[in-house]
Amino acid sequence: YAVTATAEHGTVAVGDGAAGTTAKRWYDEGEAVTLTATPDAGYAFAYWTGDTVGAASVIETTLTVPSDRARNVVAVFVATDHEPVRTVWQGAVGVTGDWDDPANWSAGVPQAGDDVVITNMGRANLTLSHSTPLLNSIYLQDGHNAPNASYAQTITLSGWMTCLRAKEITLGIGGVITHAGPYKTEDEASRVWIRADRITVQTGGKITADGVGYAGCDLGNDKEGYGPAWWLSHQTVHPNVAPIYSGLYRY
1495 YAVTATAEHG TVAVGDGAAG TTAKRWYDEG EAVTLTATPD AGYAFAYWTG
1545 DTVGAASVIE TTLTVPSDRA RNVVAVFVAT DHEPVRTVWQ GAVGVTGDWD
1595 DPANWSAGVP QAGDDVVITN MGRANLTLSH STPLLNSIYL QDGHNAPNAS
1645 YAQTITLSGW MTCLRAKEIT LGIGGVITHA GPYKTEDEAS RVWIRADRIT
1695 VQTGGKITAD GVGYAGCDLG NDKEGYGPAW WLSHQTVHPN VAPIYSGLYR
1745 Y
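Each residue of the sequence shown is one higher than the last, beginning at 1495 in this note's numbering.
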């Protein structure tokens, strides 16, 4: 299988091959492949993205993945001369917005050292599909004078290797961190992965994976099965139906 790595503002190497902005090598099935990222002057490594399934971590300069299919991986670097700012979420209320869209932030997409504030007056839904650089702080809370958990400010982590990183994370009333789901295959799997020096969850805030785990699958016709996530997501439709676990399930 071919393993290809690319980068801007730095170089990448696949195995013991030469480093460059693009590197590619072929491996036999079952081999462990080690990739190494090296930043250019004025930049620092942030995270790996792309097909990183099977890796232990995507926030170290060295990444190891199994050779089980063709893979394309990207090393992301950030400028070290960035002056940290306070950037506030201003995406449309009630609409799922992309973390990486600069139009959704008052001072651009959050970069290393920034303070991130998400306090909309209505529901805010952010989807994050890759690890973040190390932020200084993240603050989520309903922005009303009398905050209400029904106006949730939600960050949804998509992908098993997506890590939300900040020195300090505070979830006030209505502040929620969860992951994408429910899902029916391992390739769809997501999780809540957070790395922070301090996490404060106030009354009305929560970190949750309820209802977004493995939903179960009927292998005969590839229809959704009745795993625990399916049951949680259908309680309002079938409030008196107990969970029926068919097939394998997580959570």
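Heads up, the beta-carbon is just placed ideally off N, CA and C, and yes, glycines get one too.
Bridge partner(s) assigned by DSSP for residue i
i, result
"R1563", "In the DSSP output, where bridge partners are listed per residue, R1563 has none listed."
"N1619", "T1590 and T1648"
"P1533", "G1504"
"A1573", "Y1537"
"V1497", "R1519 and R1565"
"L1629", "A1660"
"V1603", "Answer is none; V1603 lacks a bridge partner."
"G1544", "V1567"
"I1612", "L1634"
"G1514", "V1506"
"I1553", "Note: I1553 sits in no beta bridge, so no partner."
"A1703", "None, per the DSSP bridge assignment."
"V1695", "L1665"
Best match in the options for proximity to residue i [C-alpha to C-alpha]
i, options, result
"S1600", "A1606, G1585, V1572 and G1591", "G1585"
"P1641", "T1656, L1665 and S1631", "L1665"
"A1660", "A1513, I1553, G1653 and T1543", "I1553"
"A1501", "L1658, D1704 and W1542", "W1542"
"I1688", "K1678, T1702, Q1696 and G1698", "T1702"
"L1529", "T1694, Y1537 and R1519", "R1519"
"A1517", "N1566, D1575 and D1534", "N1566"
"G1607", "V1497, I1632 and D1592", "I1632"
"P1560", "D1522, A1540, V1686 and G1616", "D1522"
"R1563", "G1524, D1510, Y1645 and G1511", "G1524"
"A1573", "T1555, I1612, T1546 and F1539", "F1539"
"V1547", "R1692, T1621, V1497 and V1589", "V1497"
"T1590", "I1612, P1596, E1577 and R1617", "R1617"
"I1649", "P1596, D1592 and T1555", "D1592"
"V1587", "V1579, P1578, P1596 and I1612", "I1612"
"T1621", "E1577, V1686 and P1578", "V1686"
"T1556", "A1597, N1598, P1596 and D1510", "D1510"
"R1692", "P1578, L1658 and Y1708", "L1658"
Same chain only: Cβ atoms within 7 Å of residue i, ignoring 5 sequence neighbours per side
i, result
"P1604", "T1581, V1610, T1626 and L1629"
"S1623", "S1652, G1653 and T1656"
"V1706", "T1672, H1673, A1674, G1675, P1676 and A1723"
"D1594", "V1603"
"T1532", "G1504, T1505 and A1513"
Cβ separation of residue i and residue j, assumed to be a contact under 8 Å, to the nearest whole Å
i, j, result
"N1619", "W1583", "At roughly 10 Å, the Cβ-Cβ gap does not stay under 8 Å, so N1619 and W1583 are not in contact."
6 Å CB neighbourhood of residue i in its chain, flanking five on each side removed
i, result
"A1499", "V1506, V1508, A1517, L1529 and V1567"
"G1669", "L1634, Q1635, Q1647 and G1699"
"A1763", "Not covered by the structure: residue 1763. The range shown for the chain is 1495 to 1745."
"T1694", "T1664"
"P1596", "G1602 and V1603"
Close beta carbons around residue i, own chain, < 8 Å, minus the five adjacent residues each side
i, result
"D1575", "G1536"
"D1534", "H1503, G1504, T1505 and F1571"
"S1684", "L1651, S1652, G1653, W1654, T1656, H1673, A1674, G1675, Y1677 and V1706"
"T1558", "A1526, V1527, T1528, L1529, A1549 and A1550"
"I1667", "Q1635, D1636, P1641, N1642, A1643, Q1696, T1697, G1698 and G1699"
"G1544", "R1565, N1566, V1567 and V1568"
Contact test: residue i Cβ vs the ligand MN heavy atom, cutoff 8 Å
i, result
"V1527", "This structure lacks the ligand MN; in fact it carries no ligand of any kind."
Query - beta strand (DSSP E) runs wholly inside the region 1639-1688, at least 3 long, in chain order - result: 1647-1651, 1658-1665 and 1669-1673
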